[in-house]
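Those letters in the first sequence? Residues 0 to 411, by numbering that gives the first Met the number 0.
Even for Gly, the Cβ is constructed at its ideal location relative to N, Cα and C.
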Amino acid sequence: MQSHDMGSRIINRLKTAVDSTLIKNRRFLDDEQLIRSEQLEVLEEIFNANIRDAEINELSSHFSGLLRRDHPCHLAVWGKTGTGKTLTLSYFLNLLSQLCAAEQIPLWTVHLDLTNPGPCFRALNDLACLLDASKYYRRGISLEEIMQKIEARLADYRGYLVLFIDEVDNVRSDKENFMAFLIRRLPQRIPAKLILVLVSNHLDWPNRLDARVKSFLKVNELVFEPYDAMDLQRILRIRVEKALDPKLVVDGVIEKISAMASREHGDARKAVALLARSAYLAEKTRSKLTLDMVDQAALDLETDRYLTMIQTAPPQLQLTMGAIIEAKRKLKKKIVCSGDAYQDYCDMCRRFSIRALTNRVFGDLIAELDLYSLVRSRIVSRGRYGRTREIILDLPEDLVENIYQTIISKIQ
DNA sequence: TGTCCACAGGAAATACGGGGGT
DNA sequence: ACCCCCGTATTTCCTGTGGACA
């Protein structure tokens, strides 16, 4: 019977589809979607796999004084993004507070996250909010007032206060002020035993401090090395087991992803993102997760990165990028000079009736594009034909087209 | 050797917008 | 409603500068 045949074929296909679902629990591919307890579960496994063992040991000895009612000094933590600084520290501080609670030691830990850069004002403001010392102000209150609010809030607290400050050097203008407050002023004015945990991406960060502040800063240092390929393999393996069907992951995939990630950055978050992307690709084609898919996924991630970067960029930056693309097309050369690009930029502004910015800012905008590696630029002297900035656009042609369309449609 | 191009990029000034205090 | 304060964006002003060319 024809129809019966057809029916059983469909049923079979459905069955194999069910059998071969690669992704069992997609939430474990994306940290954002995990609830707190699941995050801790993942963390627990990571730390049980002896990753970041050395760092946790150092942390333990640094804070061991707490249990003897001593006052440990501050702690400066250094490591690149995605090396697990935040994770390890939150995990550790969480354990520490449990321990202190059991021992009846008053401990207050506050996690101030300065991941997105902001001025001194916002940093203090955020801190005040975390301490429950004031409401959130957008503007209009002096720095002094915020400091006083914080001090007032802490006037009666006599226990330990651990301020875990993530990405300290993201405090842009007036950083001196912020650091001086934390290091010099605050400890003198409040009764609490203050322990600062200052996390940063830059190793030379304490040297850029004002000398008078620096002399007050007594710190221990702790360095997080980037994960090596072996660490990443273990981290990925945990994810694979939680999120995917390991049988459907071709041998060598984990090794490949961790090798790629450790070669480039050693960033665990990016490695997991690559795993996730590959898994989605595999799921779409309903096949096993192969090595080729990892390559494809890496490419996709790259493309996405550029596109979201340009989409979320301020309009003037988009316009600058658009002008560079136009200039390159018009000149039919690989290299565009800043003067030509500025001409085209002004033209574009006229076309879309947007007020053009000065040459001065245009230069800065190009530097910014360079920073995001959307273009490469360098300063060249052409003798008596002056100096200029050569702008090279060497992204794949279809990506450039894609970016260009995005920009044009955004502006209109 | 000096000149001079066509910009780079630092510093200071100015404009702007939004919030608080009164 | 008014003024002042703060952070940010942009302009204005200015001082270099590497090397081709005369």
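Pro-105 counts as exposed, since fewer than 16 other beta carbons sit within 10 angstroms of its beta carbon. Contact between Leu-130 and Ile-145 is absent: CB atoms are separated by about 11 Å, not below the 8 Å threshold. Secondary structure at Gly-81: coil, using DSSP grouped into helix, strand and coil.
At the C-beta level, Asp-165 and Val-198 come within 8 Å of one another. Per the C-alpha coordinates, the member of Ser-286, Tyr-384, Ile-194 and Leu-231 positioned closest to His-70 is Ile-194. Cβ contact annotation for Ser-380 (same chain, cutoff 7 Å, sequence separation greater than five): Arg-386, in chain order. Excluding five sequence positions before and after Arg-51, the CB atoms of its chain that fall closer than 7 Å to its own CB belong to Gly-83 and Thr-87, given in chain order. Between Val-170 and Leu-368, the alpha-carbon positions lie close to 22 Å from each other. The DSSP-derived three-state label of Asn-115 is coil. C-alpha of Phe-215 to C-alpha of Arg-183: approximately 6 Å in a straight line. Taken in chain order, the whole alpha helix (DSSP H) runs of length 4 or more contained in the region 120-208 are 142-152, 174-179 and 185-188.
Rounded to the nearest angstrom, the gap between the Cα atoms of Arg-188 and Phe-180 is 10 Å. With a minimum length of 4 residues, the unbroken runs of alpha helix (DSSP H) contained wholly in the region 288-341 fall at 290-311 and 314-330. The beta carbon of Ala-100 sits closer than 8 Å to the beta carbons of Leu-106 from its chain, once the five residues preceding and following it are set aside; these are given in chain order. Scanning the region 204-255 for uninterrupted alpha helix (DSSP H) segments of 4 residues or longer gives 210-213 and 228-242, listed from N- to C-terminal end.
About 6 Å separates the beta carbons of Val-249 and Leu-290, which is inside the 8 Å limit, making them a contact pair. Take the alpha-carbon of Leu-94 and the one of Gln-315: they are about 47 Å apart. Shown here, Leu-392 sits in coil according to DSSP, grouped into three states, outside any helix or strand. In this structure the region 302-311 does not lie against the region 277-293, because fewer than three pairs of beta carbons, one per stretch, are closer than 8 Å. Taking all protein chains shown into account, Tyr-341 has 16 or more neighbouring C-beta atoms within 10 Å of its C-beta and is therefore buried.
Counting the other Cβ atoms within 10 Å of the Cβ of Gly-6 gives fewer than 16, which makes it exposed. One Cα belongs to Leu-398, the other to Cys-345, and the distance between them is close to 24 Å. Glu-220 places its beta carbon 8 Å or farther from that of Ala-322. Going by DSSP, Ser-277 is part of the alpha helix (DSSP H) stretching over 267-283.
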